[in-house]
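The letter at position 46 of the sequence shown is residue 46 when you use the UniProt record's numbering, and the numbering goes up by one with no holes.
See below for the structure under consideration.
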Amino acid sequence: GPAGRGGRGGTGGEPFRPRNRTMRYQLEVTLEELYEGRTRSVTISRPSRTEFTPQGRRRRSPSDQSPPERKTVEVPVPAGAASGSTVTLHGESDDVRDAAPADVVFVLSQRTHPTFTRRGHDLAMELKLSLREALCGFEREVTHLDGRTFTIASPRLDFSAAAAAAAGP
């Protein structure tokens, strides 16, 4: 544009300053990782380094045809985080030379768990019972997300008390 009117610099406006942009990735995590918190090693792809002229034009170089670079970063998944939470790694996006690095943001996405579902900060599970188990009682062992086992039990239904209450005095 014209000088001083938001042009890309060089004729009276602010000089062009190339910038790195924030990179966003989706990271699929298990319910166990969200429950306990863990650090994940993740390999990300990013464009090859880019150079600009003082006028803001991209410099052509033989590396323009090179494939994206791959970089492994450590992503801390905080204990208790929810699906949709973000983890930001500051300064990890630096594909533009001579520019301040930007952030890499990971959006956590929870995989479906075979036993548990999450309801806010609570865990829930669906337990299918046979008619016999519902009437005669049952006991089941369940493995928690942290590896501990616990027992869910229900006593036999007492029909004599229900019949006496229905018969009245």
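Each residue gets a CB set at the ideal place from its N, CA and C atoms; glycine is no exception.
It should be emphasised that the depicted structure is a prediction, and the values quoted were computed from it without experimental measurement.
query, result
"Range covered by the alpha helix (DSSP H) that runs through A134", "L131 to C136"
"Under the three-state DSSP convention, the category R119 falls into", "strand"
"7 Å Cβ shell around S154 - same chain, five flanking residues per side excluded", "G137 and F138"
"Residues of its chain near D94, where Cβ-Cβ distance is below 7 Å and the 5 sequence neighbours each way are ignored", "N20 and P101"
"Neighbour-count burial assignment, F159, 16 or more Cβ in a 10 Å radius", "exposed"
"Best match in P76, A81 and R97 for proximity to L89 [C-alpha to C-alpha]", "P76"
"Where the alpha helix (DSSP H) through E32 begins and ends", "L31 to E36"
"Nonlocal neighbours in the same chain, by C-beta distance under 6 Å from L123, ignoring five residues either side", "F116"
"S83, DSSP secondary structure in three states", "coil"
"Inter-residue Cα distance where the pair is K71 and L127", "43 Å"
"Buried or exposed (CB count within 10 angstroms, at least 16 for buried), P2", "Note on P2: pLDDT 47, under 50, position unreliable in the model; the coordinate value appears next. Exposed."
"For P76, the residue or residues it bridges with in DSSP", "T39"
"E32 versus A134: straight-line alpha-carbon distance, rounded", "30 Å"
"Exposed unless 16 or more other CB atoms sit within 10 angstroms - verdict on I44", "buried"
"Alpha carbon of G9 to alpha carbon of L108, nearest angstrom", "Summary for G9: the model assigns pLDDT 48, below 50, so the residue's position carries little reliability; its value from the coordinates is reported in the next sentence. Near 39 Å, if we compare the C-alpha coordinates of L108 and G9."
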